[in-house]
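Read in order, the letters of the sequence shown correspond to residues 42 to 494 in my numbering.
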Amino acid sequence: MVSSPAIVLNTALDQCGMRVSPEIVEDVLKRFENAGILAYRFFKWAEKQRNYEHSIRAYHTMIESLAKTRQYQIMWDLVNAMRNKRMLNVETFCIMMRKYARAQKVEEAVYTFNVMEKYDVQPNLAALNGLLSALCKSKNVRKAQEIFDSMKDRFIPDSKTYSILLEGWGKDPNLPKAREIFREMIDVGCNPDIVTYGIMVDILCKAGRVDEALGIVKGMDYRVCQPTSFIYSVLVHTYGVENRIEDAVDTFMEMERNGIHADAALYNALIGAFCKANKFKNVYRVLNEMGSKSVKPNSRTCNIVLNGLIGRGKTDEAFKVFRRMIKVCEPDADTYTMMIKMFCERGELEMAFKVWKYMKLKQFIPSMHTFSVLINGLCDKGNVTEACVLLEEMLEKGIQPSNVTFESCYRPPFGDLEYKVPALFLALKTKLILVTFEGIGCVSYVLVICSAI
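Right, dumping it as structure tokens:
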């Protein structure tokens, strides 16, 4: 259908008898947002239907779709059509700036901002924030800073503006520049909000400056801006990483004294601190407290405990915790992968397959990493036949294995060819495996297998 000419597609749509509405068109465009030209053909067909006009949302969805597939000329054609209908707004340009920045087309993103007035849309602070956010999220914070410095007299920055730059420098990472932005914000009389404080605390903690972060928290005006559970969770997590378990507990207790209710993320931070300190009795006390306070553990909770136990060699206890936790929370890909890897490393492939079958029973689709762990575990034990069966299943699900996983199934000796060859050709047929493997050895394996048919 993707390769169908426009006439064929239009005929098929005409014959289906569908009556279009804004809701239907928006839904179809959203479902085909990665289809680019195919979505555009539907868009053009829909606009010709009787008693129908595209909504602004339909135009925006189509613009996003075209930008994803880098059909920029058609995208601007739509912008011109919207201008003729007086439908353009700031959001239209923010979408384009975001898409250009994501594609690392920085100059095009800036150009889009600069031509807003030519399209009869007055640029405002929301548009500037949109441009700065797009640049910072695409790791172009220096360009964002340059634009901010040149425009801060034209637009009065708000807390969101400074938060965007602060987060950008934090991810760079550039702690001195982040500090400079935070100080400038305060100096010009723009009061940080809870988002700004949260970003600054996170930046400092990731830089190993937890005491400085704590100073910022203590300097907050609690009457206007009270620390959130997120801020406390960042502090507790960082104390745990630094093995400052008493400080982690004290911070948690202070939060409770301030009347802030802990959420799962904060409990996870405390559990992580106890796991790192090898205090698993405390871990179980915290889990029980979560239950008594009706805070439901999540897959992250489970993974933190399992990772801590397995890292300490407490694999039997880890399996007990796994069996207990799956009754109260849904495991994720990391949970299953962790358990399967643990059993493979213990040489207990039967138990690894039990976890695998339970995962399938719960209709959870294995990730590439989960497949790889079990396939590699089977190959290490010489069970290449079963490994190849799994590889074939992996390929049929459209999941691309890594070269390492692929090589582990096809390294010499070349036994079980009746299983290896179908999986290999399925890989080549579906074009999921690059034929240009690194190293002449792997290419030789492929050639030998092919010649053995």
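Using N, Cα and C, we set each Cβ at its ideal position, and we do this for glycine too.
Exercise for the section: Can you give me the start and stop residues for the alpha helix (DSSP H) that ASP190 sits inside? Expected result: The count along the sequence shown starts at 1 and reaches residue 190 at position 149. It spans 182-192 - the alpha helix (DSSP H) in which ASP190 sits, taken as one unbroken run.
Problem - Of the listed residues VAL265, TYR238, TYR308, CYS266, nearest to LEU255 (C-alpha basis) - result: Residue numbering aside, residue 255 sits at position 214 when the sequence shown is read from its first letter. The residue with the shortest Cα to Cα distance from LEU255 is TYR238.
Practice task
Could you spell out the range, first to last residue, of the alpha helix (DSSP H) harbouring VAL425?
Solution key: Reading the sequence shown from its first residue, position 384 is the one you call residue 425. Its alpha helix (DSSP H) spans residues 425-437.
Practice task
If I'm right that ILE312 touches VAL290 with Cβ under 8 Å, what's the distance once you round it to whole angstroms?
Solution key: For the purposes of this step, residue 312 is taken as residue 271 along the sequence shown, with counting starting at 1. For the purposes of this step, residue 290 is taken as residue 249 along the sequence shown, with counting starting at 1. About 12 Å; that fails the 8 Å criterion.
Exercise for the section: Look at the alpha carbon of VAL131 and the alpha carbon of ASP161, and state the distance between them as a whole number of angstroms. Expected result: Here residue 131 corresponds to residue number 90 of the sequence shown, with the count starting at 1. Here residue 161 corresponds to residue number 120 of the sequence shown, with the count starting at 1. Distance between the alpha carbons of VAL131 and ASP161 is about 10 Å.
Practice task
Compute the Euclidean distance between the alpha carbons of THR269 and LEU350, then round it to the nearest angstrom.
Solution key: Numbered from its first residue, the sequence shown carries residue 269 at position 228. Numbered from its first residue, the sequence shown carries residue 350 at position 309. Approximately 30 Å between the Cα atoms of the pair.
Exercise for the section: Report the rounded CA-to-CA distance for CYS316 versus LYS361, giving the unit in angstroms. Expected result: As a working mapping, residue 316 is identified with position 275 in the sequence shown. As a working mapping, residue 361 is identified with position 320 in the sequence shown. So the two alpha carbons sit approximately 16 Å from each other.
Exercise for the section: Tell me whether MET59 is buried or exposed, calling it buried when 16 or more other Cβ atoms sit within 10 Å of its Cβ. Expected result: Residue 59 sits at position 18 when you count from the first residue of the sequence shown. Result: exposed.
Exercise for the section: Could you tell me the distance, in whole angstroms, from the CA atom of ASN344 to the CA atom of GLY171? Expected result: The residue labelled residue 344 in the question sits at position 303 within the sequence shown. The residue labelled residue 171 in the question sits at position 130 within the sequence shown. If I take the Cα positions, the gap works out to 36 Å.
Exercise for the section: Tell whether a beta-carbon distance below 7 Å holds between ALA314 and GLY281. Expected result: Taking the first residue of the sequence shown as position 1, residue 314 is located at position 273. Taking the first residue of the sequence shown as position 1, residue 281 is located at position 240. Contact: yes.
Problem - Through-space distance from MET157 to ASN75, alpha-carbon basis - result: One-based indexing of the sequence shown puts residue 75 at position 34. One-based indexing of the sequence shown puts residue 157 at position 116. Rounded to whole angstroms, ASN75 to MET157 spans 26 Å at the Cα level.
Handout entry: Proximal residues to ALA446 (C-beta, below 6 Å), its chain only, five neighbours per side dropped
Key = In the sequence shown, residue 446 corresponds to position 405, counting from 1. Note that residue 446 corresponds to Thr in the displayed sequence, not to Ala. Excluding residues within five positions, the ones whose Cβ falls inside 6 Å are SER413, ILE416.
Problem - Close Cβ partners of MET392 (< 7 Å) along its chain, the five nearest in sequence each way excluded - result: Locating residue 392 in the sequence shown gives position 351, counting from the first residue. Here the set comprises PHE384.
Problem - Cβ neighbour criterion (16 or more within 10 Å) applied to GLY230 - result: Here residue 230 refers to the residue found at position 189 when the sequence shown is read from its first residue. It is exposed - the Cβ of GLY230 has fewer than 16 other Cβ atoms within 10 Å.
Problem - Assigned exposure category for ASN126 - 16 Cβ within 10 Å defines buried - result: Here residue 126 refers to the residue found at position 85 of the sequence shown. In the sequence as presented, Asn is not what sits at residue 126; that position holds Lys. Its Cβ having fewer than 16 others within 10 Å, LYS126 is exposed.
Problem - Residue interval of the alpha helix (DSSP H) (run including SER174) - result: For the purposes of this step, residue 174 is taken as residue 133 along the sequence shown, with counting starting at 1. Per DSSP, SER174 belongs to the alpha helix (DSSP H) from 166-178.
Exercise for the section: Go to LYS355, then tell me how far its alpha helix (DSSP H) extends in each direction, as first and last residue. Expected result: Start at 1 with the first residue of the sequence shown, and residue 355 comes out as number 314. Where LYS355 is concerned, there is no enclosing alpha helix (DSSP H), given that its DSSP letter is neither H nor E.
Problem - Member of LYS334, VAL277, ASN319, THR292 whose CA lies at the smallest distance from the CA of ASN309 - result: Sequence index remark: in the sequence shown, residue 309 carries index 268 (1-based). It is VAL277.
Exercise for the section: Using three-state DSSP, classify SER335 as helix, strand or coil. Expected result: On the sequence shown, residue 335 is found 294 positions in, with the first residue counted as 1. SER335: coil per DSSP, three-state reduction.
Problem - Three-state class that DSSP yields for PRO454 in the structure shown - result: Counted from its first residue, the sequence shown places residue 454 at position 413. Any reading at PRO454 needs caution, since the residue's pLDDT is 48, under 50, leaving its predicted position unreliable; the model's value is listed next. Coil, per DSSP.
Exercise for the section: Quick one: which unbroken beta strand (DSSP E) runs of 3-plus residues sit fully inside the stretch 114-139? Chain order, please. Expected result: none
Handout entry: Own chain partners of ALA80 with C-beta closer than 6 Å, once the 5 adjacent residues on each side are dropped
Key = If you number the sequence shown from 1, residue 80 lands on position 39. Taken in chain order, the residues that qualify are LEU70, PHE73, SER106.
Problem - 7 Å Cβ cutoff, ILE240 in contact with chain B - result: Given the protein chain composition of this structure (a single chain), no chain B is represented.
Problem - Cutoff 7 Å; reference ASP213; Cβ partners in own chain excluding five residues on either side - result: Here the question's residue 213 lines up with position 172 in the sequence shown. Only VAL182 meet the Cβ criterion.
Handout entry: HIS101, enclosing alpha helix (DSSP H) - first and last residue
Key = Translated into the one-based positions of the sequence shown, residue 101 becomes position 60. Element bounds for HIS101: 97-109.
Handout entry: Integer-rounded CB distance, given that ASP288 should sit under 8 Å from SER340
Key = Mapped onto the sequence shown, residue 340 falls at position 299. Mapped onto the sequence shown, residue 288 falls at position 247. So it is not a contact: roughly 27 Å between Cβ atoms.
Practice task
Say yes only if the C-beta of CYS385 is nearer than 6 Å to one or more non-hydrogen atoms of the ligand ATP, and no if none qualify.
Solution key: Absence of the ligand ATP is noted for the structure shown, with no ligands found whatsoever.
Exercise for the section: Please name the residue in ASP234, ALA219, ARG224, ILE235 whose C-alpha comes closest to that of LYS247. Expected result: For this step, residue 247 is matched to residue 206 along the sequence shown. The shortest Cα separation from LYS247 among ASP234, ALA219, ARG224, ILE235 belongs to ALA219.
Handout entry: Element boundaries [alpha helix (DSSP H), containing GLU495]
Key = Here the chain comprises residues numbered 42 to 494, so residue 495 is not present and cannot be evaluated.
Exercise for the section: State the Cα-Cα distance for the pair ARG82 and GLU88, rounded to the nearest angstrom. Expected result: As a first step, residue 82 is located in the sequence shown; it is residue number 41 there, counting from the start. As a first step, residue 88 is located in the sequence shown; it is residue number 47 there, counting from the start. The straight-line gap from Cα to Cα measures roughly 10 Å.
Practice task
Compute the Euclidean distance between the alpha carbons of TYR152 and ALA144, then round it to the nearest angstrom.
Solution key: Translated into the one-based positions of the sequence shown, residue 152 becomes position 111. Translated into the one-based positions of the sequence shown, residue 144 becomes position 103. Near 14 Å, if we compare the C-alpha coordinates of ALA144 and TYR152.
Handout entry: Contacts around GLU208, its chain only, beta-carbon distance under 7 Å, and the 5 residues preceding and following it disregarded
Key = The residue labelled residue 208 in the question sits at position 167 within the sequence shown. Correct list, in chain order: CYS177, ILE240.
Problem - Residue from PRO63, LEU402, MET380, ARG139 with nearest C-alpha to TYR100 - result: Stepping through the sequence shown from its first residue, residue 100 is reached at position 59. The shortest C-alpha separation from TYR100 is found at PRO63.
Exercise for the section: May I ask you to report which of helix, strand or coil DSSP gives PRO63? Expected result: Position 22 of the sequence shown, counting from 1, holds the residue named residue 63. Three-state result, PRO63: helix.
Practice task
Locate the alpha helix (DSSP H) running through LYS422, then write down its first and last residues.
Solution key: Indexing the sequence shown from 1 puts residue 422 at position 381. No alpha helix (DSSP H) holds LYS422; DSSP gives it neither H nor E.
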